[in-house]
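For the sequence shown, the working numbering begins at 1321 and goes up steadily by one. C-beta atoms are modelled at their ideal positions from N, C-alpha and C, and glycine is treated no differently. Because the structure is a prediction, the values reported are computed rather than measured. Okay, structure first, notes after.
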Amino acid sequence: MNFFRLVHLKNTVTSHPDALLVSKVSSRKNDQQCSTDQGRTITVYPSLFHSFVSSSKTSCEAPPPPPPPLPPGSSQMESPPLPPAPVDGEQDDIAAAAASVSAPSIFPNPGLYELATMDCKRILNLDTHDGFRVDINKQLSPYMAVVHNFWLGTSMLGEGRNKTYSFVTQVADEQGFLMARYDPARKSIDGRIHRAVLGGLATLKAQFNTTAVDSTAGDEQSNDQLLTEVDIMGGTWTANIKYGSMGGGNMCGCNYFQSITKNWSLGGEGMYIAVNRALLSNYTVKYNGNIAGSSDGSGDEATTIADAAAGGQSYSVVTQYNTAQQMLSVHYKRVVTPKRVTLAAQIELSPMSLESQVLFGAEFQLTRSKIGIVVDGEGKIQSVVEAKLGIAPGSPTLSFAAEVDHFKDQMRFGYGLNIGG
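Structural data, given as structure tokens:
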């Protein structure tokens, strides 16, 4: 018991030095004594012993004393005060603005009016040719590239020529591109300029073509052309305004394409050509669907676009009517196997003359090759085969093109090589 009193005495001396001083001058008749190893006799209060027995914590576990106050004149870096909490109205406005930015639009953007049938025509309009074609691409900088194009032994140029050469240069960045092509044989230059403005909400376009006057051929004036356009992209619509010269006279036109539901899009285009005072117009209806269907069974266009980007199955139907030609056309494209097999079909019908034309096409994409086949209603067959000659980026591509028209008894065959493309 004396040992526990000694331990408590040491703790008390450390934490309560004033209590030890009082114990020495107090009366000894109510005190108890304990001896240390050095022979000293120290008097403590009995109440301290009972507090040691009843308490399970020693004074060593007591929290440390607070730090002393700073001397006058010293400064301490204080954290900046917290901003005041927004009121309920401000918090609701911030949440609504964040939700409006992150949430998708009600209807998807239908894309440009000129590109409504591009997916189908890409499969049906094969680039078949005869002779030998070579495209040599050279990247001069991250923003500039040049292309040397040779076409030898062909009968598709006309004007009694069987070969041609053209030089193409292109400069591109995040805001647009500039492209120009020079044909020494025809002494012509044509080019395109695309530039995004207003943060990508609008795109300025210019397309030009100029040809030198050939006095030996009896040409009195050159047939230069210039076309300027403005593409405007909205949340659920696109619009285009164009003005330029064509066929020796001015022309102007505009088009508009609007999503009316998540699957349906409607649009129209009008154009006026001053050289013959002709007013042209055509109208388009497009439907996008999902073959597999979404989880909720909606099959909307937003889900279709997302599935197509991720390799899902989808299809589209585009119907157009041209009032000038009085021609009705229907385009159909279906993805059978994502990133492998795609089918397309097109039918054109004239309600007045009951003349029609039909095309069927298929595209097969393999690991390092691609095959395209098109058959029309008159028995003409077109095919193109492209194969990569290596697995490294920029490896040469070898292509073979063939066209057989059984009705006209005509056959064409050509092959090409693309280097650095």
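Tell me which residue opens and which closes the beta strand (DSSP E) that residue i is part of.
i: residue 1441; result: Taken as a continuous stretch (DSSP letters only), residue 1441 belongs to no beta strand (DSSP E), being part of the alpha helix (DSSP H) at 1438-1444.
i: residue 1464; result: 1464-1472
i: residue 1685; result: 1676-1685
i: residue 1450; result: Counting along the chain, residue 1450 falls outside any beta strand (DSSP E), and DSSP gives it neither H nor E.
i: residue 1732; result: 1730-1739
i: residue 1722; result: 1717-1725
i: residue 1693; result: 1689-1696
i: residue 1595; result: Residue 1595 -> no beta strand (DSSP E), and no H or E assigned at all.
i: residue 1654; result: 1647-1657
i: residue 1640; result: 1635-1642
i: residue 1703; result: 1700-1708
i: residue 1667; result: 1661-1669
Taking the alpha-carbon of residue i as reference, which of the options has the nearest alpha-carbon?
i: residue 1523; options: 1552, 1531 and 1481; result: 1552
i: residue 1504; options: 1532, 1512, 1585 and 1673; result: 1532
i: residue 1638; options: 1694, 1681 and 1664; result: 1664
i: residue 1648; options: 1550, 1676 and 1659; result: 1676
i: residue 1491; options: 1640, 1460 and 1547; result: 1460
i: residue 1596; options: 1578, 1588, 1514 and 1570; result: 1570
i: residue 1426; options: 1526, 1447, 1583 and 1567; result: 1583
i: residue 1737; options: 1685, 1577, 1607 and 1469; result: 1469
i: residue 1509; options: 1608, 1494, 1488 and 1587; result: 1488
i: residue 1684; options: 1659, 1674, 1672 and 1678; result: 1659
i: residue 1725; options: 1429, 1700 and 1674; result: 1700
i: residue 1557; options: 1494, 1588 and 1611; result: 1588
i: residue 1550; options: 1573, 1727 and 1604; result: 1573
i: residue 1506; options: 1516, 1652, 1543 and 1493; result: 1543
Ordered along the chain, which non-local residues of its own chain (more than five positions away) have a Cβ less than 7 Å from that of residue i?
i: residue 1706; result: 1689, 1690, 1717 and 1719
i: residue 1496; result: 1514, 1515 and 1516
Note down, in chain order, each residue of its chain lying with its Cβ closer than 6 Å to the Cβ of residue i, except the 5 sequence neighbours on either side.
i: residue 1498; result: 1491 and 1513
i: residue 1680; result: 1665 and 1695
i: residue 1723; result: 1448, 1702 and 1732
i: residue 1655; result: 1633, 1634 and 1662
i: residue 1650; result: 1639 and 1667
Excluding the five sequence neighbours on either side, which residues of its own chain have a C-beta within less than 8 Å of the C-beta of residue i, listed in chain order?
i: residue 1313; result: There is no way to answer for residue 1313, as the model of the chain reaches only from 1321 to 1741.
i: residue 1715; result: 1708 and 1709
i: residue 1360; result: At residue 1360 the pLDDT is 44, less than 50, meaning the model places this residue with poor confidence and gives no usable figure here.
If we count Cβ pairs, one from each stretch, closer than 8 Å, do we get three or more for the segment 1455-1462 versus the segment 1437-1445? no
In chain order, what are the residue ranges of uninterrupted beta strand (DSSP E) at least 3 long that sit wholly in the segment 1494-1582? 1496-1503, 1508-1517, 1522-1531, 1545-1553, 1557-1566 and 1569-1579
With a cut-off of 8 Å, do at least 3 Cβ pairs link the segment 1474-1486 to the segment 1683-1700? no
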